[in-house]
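**Student:** This is the structure I have questions about; it appears just below.
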Ligand code: GDP
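Structure follows, in structure tokens:
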């Protein structure tokens, strides 16, 4: 995960680490390298600029360079700035604080890993939070989308709404809510239709579903491998619906990390979960400090 970025930063900091004294120019040289590493990692330019300015200012001020371990202190400053960039110290987690059934609406582009993430989240809520979960696919556009969720539901031992052919997404959502109420479900996961790109008709459909189901969480699923595109997609969705967070999938295969590092600063939305593999237990609560730790090795 984020191996390229980690390697690049590792070699920049290896030269700083052991040094007993550092000059301002050493810091500026190192920051030039960090800047290139972040841009190569596909981090958004304004985010990179702000990061470099902040770190440089802190590193050359505050007596850091006069300290006994200036290299270590610069690395600590970089670490703290990375944590902030990834979303800060607070892990927002998922908000289930509402009368059941608490609705979580999953949105995203086709192929982003939305249905897989729905099943992963269902399993996590059942096993780690002890919740009774129901999942329903509202995707009437893609053939077999509803069956796909049913199959995944069987695999993770989470119930799915029985499929009735020919129903509209809003009709399915209503049926899901009624069924969840009747069967004392704690959390209802609504897997909305995917789309190829951000498209007006499907955005309307998503809003209609949200109006009916008043989701407590609206989680956007985006693919980490698409870098800046993932961030642009998040901005488009955030303009249409009230996103409460992002699930970043395929972090396991992402050597660069640009989506993770730009998401919060560009969209203001927290990454709440990370998909770290194809298996249905490969989902993690996204913890900025852990991710920064992995990047800096
Ligand atoms: P959807 O069209 O957005 O519903 O996408 P799917 O849930 O069908 O996922 C598309 C593919 O991505 C499937 O083969 C999943 O197994 C795979 N996938 C989803 N999440 C992850 C992840 O976090 N890591 C990896 N390596 N693969 C994933």
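In the UniProt record's numbering, the protein residues as written are 1 to 297.
For each residue, glycine too, the CB sits at the ideal point set by N, CA and C.
If you're wondering where the values come from, they're calculated on a predicted model, not measured in any experiment.
#1: Are the Cβ atoms of residue 168 and residue 247 separated by less than 7 Å?
#2: Distance check for residue 93 and residue 244, CA to CA, integer angstroms please.
#3: Taking residue 272 and residue 241 to be in contact with their CB atoms under 8 Å, please state how far apart those CB atoms are, rounded to whole angstroms.
#4: Within the continuous beta strand (DSSP E) that includes residue 272, where are the two ends?
#5: Would you call residue 103 buried or exposed, if buried means 16 or more other Cβ atoms sit within 10 Å of its Cβ?
#6: Measuring CB to CB, does residue 71 end up less than 7 Å from residue 16?
#7: Starting from residue 166, trace the alpha helix (DSSP H) both ways and give me its first and last residue.
#8: Within 10 Å of its beta-carbon, does residue 172 have 16 or more other beta-carbons around it, so buried, or fewer, so exposed?
#9: Ends of the beta strand (DSSP E) at residue 94?
#10: Hey, is residue 294 close to the ligand GDP, as in C-beta under 6 Å from one of its heavy atoms?
#11: Can you tell me whether DSSP reads residue 137 as helix, strand or coil?
#12: Can you give the Cα-Cα distance for residue 133 and residue 193, rounded to whole angstroms?
#13: Please go through the same chain and pick out, in chain order, the residues whose beta-carbon is closer than 7 Å to the beta-carbon of residue 27, but skip the five residues on each side of it.
#14: Does the pairing of the segment 118-125 with the segment 199-215 give three or more beta-carbon distances under 8 Å?
#15: Indicate whether the contact test is met: 3 or more Cβ pairs, each with one atom in the segment 37-47 and one in the segment 261-271, closer than 8 Å.
#16: Per DSSP, which residues does residue 248 bridge with? Please list them.
#17: When you measure from the CB of residue 116 to every non-hydrogen atom of the ligand GDP, does any distance come out below 6 Å?
#18: Does the distance from the C-beta atom of residue 295 to that of residue 2 stay below 7 Å?
#19: Taking 8 Å as the threshold, find out whether the segment 212-224 comes into contact with the segment 173-190 through three or more Cβ pairs.
#20: Should residue 195 be listed as close to the ligand GDP, given that the test is whether its C-beta is under 6 Å from any heavy atom?
#21: Beta-carbon separation of residue 95 and residue 174 under 7 Å?
#22: What do you get for residue 146, buried or exposed, if any count of 16 or more other CB atoms within 10 angstroms of its CB means buried?
#23: Using only the alpha-carbon positions, how far apart do residue 107 and residue 234 sit?
#24: If we require 4 or more residues per run, which alpha helix (DSSP H) segments fall completely within the segment 17-90?
#25: Give the straight-line distance between the Cα atoms of residue 180 and residue 83, rounded to the nearest whole angstrom.
**Tutor:** Quick look at the numbers:
#1: no
#2: 10 Å
#3: About 15 Å; that fails the 8 Å criterion.
#4: 271-275
#5: buried
#6: yes
#7: No alpha helix (DSSP H) contains residue 166, which DSSP labels as neither H nor E.
#8: buried
#9: No beta strand (DSSP E) holds residue 94; DSSP gives it neither H nor E.
#10: no
#11: strand
#12: 20 Å
#13: 56, 59, 60 and 74
#14: no
#15: yes
#16: 222 and 274
#17: yes
#18: yes
#19: yes
#20: no
#21: no
#22: buried
#23: 10 Å
#24: 24-40, 45-60 and 70-85
#25: 38 Å
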